[in-house]
Amino acid sequence: MRIYIVSDIHYASPAEQARRDHEFKGISNPITRSLLRAYRDYLWLKNPTNQNHLLDHFLEQTGDADFVVANGDYSCNTGFIGVADEAACQSADICLSRLRQQFGSRFQAVFGDHELGKLSLAGNQGGLRLGSWHRAIGPLKLEPFWKVEFGNYVLMGVVSTLLALPVFEPETLASEMPEWRALREIQLQKIRQTFEHLKPKQKVVLFCHDPTALPFLWREPAVRAGIAQVEQTIIGHLHSPLILWKSHFLAGIPRITFLGNSVRRFSTALHEARHWQEFRVRLCPSLAGIELLKDGGYLAMDLDPEGKAPLRIEQKRIVR
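Okay, structure coming up:
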């Protein structure tokens, strides 16, 4: 059977398109603004709110899908608080509605970090908001944990931000922390139960948006006991194979806590990135890729439900 995987669509509603330079909010230092603009325009993505047409290309090219998984980040998160921001919620709603309209019951969606919010790269704006969680599981109909079985294969979707909550705690409101921690425990309990009840012949394809979560999964005895049955873990978040390669290269670096929140978050993830290999990680790039390489696309996975043949995964390029 043919399964398509798409990640980091970053759709922009008209309200988000009106915030084209949202990354510069809260940054008054002209040097910082210049460095951030150079980073955005030449390395990351020059026009992040002008990529909606790439979803059109994906939908046009995947009509033969038996199943489709979207691996998170459906808006541009221009308010930095996730879908609690009305503009971001509109973006995610349009994006998910188009995917559901085309694929119906053959579609499942994973939470990304943009659905829940996070501090901006350099402006220290925003953060996680419980309002985003409730909108995501309510009007947007995202499932915090899901599994779908095809023969001997178990496809499993998790919320990476919940699993990596210890990394994101500095970006939350103190008044909301107890509920976030309770939600994390519910998520972990469902994952433990699923791994504990795996049958010997079953194989797992894990969908986890942000690989920062994987070392926290590795700490779970039930996951470690069943790790041999994880044939592939599909991540997103990094946008480009180049960023994944650099992450492997920098795995194990010390945590850096004196250069701002973004550096703290990135270095914390890289400090334990050596554990990613246990999960047999495969990156689904963003549809746009990065500006430097324009290497965007999606994944096509061929899966044998009987499990006699290994998964075959190919990256499909989208030219922009």
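Just so we're aligned: 117 in our numbering is position 136 of the sequence shown, and the numbers increase by one with no gaps anywhere.
Each residue gets a CB set at the ideal place from its N, CA and C atoms; glycine is no exception.
Given the structure is predicted, the values throughout are model-derived calculations rather than measurements.
Put simply, of GLN296, ALA250, LEU273 and HIS178 the residue whose alpha carbon is nearest the alpha carbon of MET282 is GLN296. Bounds of any alpha helix (DSSP H) do not take in THR43, whose DSSP letter is neither H nor E.
Rounded to whole angstroms, VAL129 and GLN106 show a C-alpha spacing of 37 Å.
Just measuring C-alpha positions, the residue of PHE39, TRP257 and LEU219 sitting nearest GLY233 is TRP257. Within the DSSP secondary-structure output, LYS128 pairs in a beta bridge with MET137. If only uninterrupted beta strand (DSSP E) runs of at least 3 residues are considered, those enclosed by the region 202 to 267 are 211 to 216 and 262 to 264.
According to DSSP, residue pairing for PHE88 in a beta bridge involves VAL49.
In chain order, SER56, ASN58 and GLY60 place their CB closer than 6 Å to the CB of ALA69, counting only its own chain and leaving out the 5 sequence neighbours on each side. Boundaries of the alpha helix (DSSP H) harbouring ASP94: 94 to 97, taken from the DSSP string.
Residue ranges of uninterrupted alpha helix (DSSP H) with 4 or more members, entirely inside the region -7 to 30 and ordered along the chain, are -5 to -2 and 11 to 19. It is roughly 8 Å from the alpha-carbon of TRP114 to the alpha-carbon of ALA65. For the region 135 to 185, the full-length alpha helix (DSSP H) segments reaching 4 residues or more read 141 to 144, 146 to 149 and 158 to 177 along the chain. One thing to note: ILE271 has its Cβ within 9 Å of the Cβ of LEU24. Residues GLY98, GLY107 and ARG110 of the same chain have their beta carbon placed closer than 6 Å to that of ILE62, with the five preceding and five following residues left out of the count. Measuring C-alpha to C-alpha distances from ARG87 to each of PRO125, VAL211 and ASP47 identifies ASP47 as the nearest. Where ILE(-10) is concerned, there is no enclosing beta strand (DSSP E), because DSSP gives it neither an H nor an E. In the DSSP annotation of this structure, the continuous segment of the beta strand (DSSP E) that includes ILE294 starts and ends at 293 to 298.
When DSSP states are grouped into helix, strand and coil, PHE188 belongs to the strand group. Looking at the DSSP output, ILE(-16) bridges to PHE48 and MET282.
In the assembly as shown, VAL300 is an exposed residue. Its beta-carbon has fewer than 16 other beta-carbons within 10 Å. ARG116 is classed as buried because its beta carbon has at least 16 other beta carbons within 10 Å across all chains shown. Between the region 162 to 170 and the region 127 to 146 there are three or more C-beta pairs closer than 8 Å, enough to call the two in contact.
The Cβ-Cβ distance between ALA51 and SER(-6) does not fall below 9 Å.
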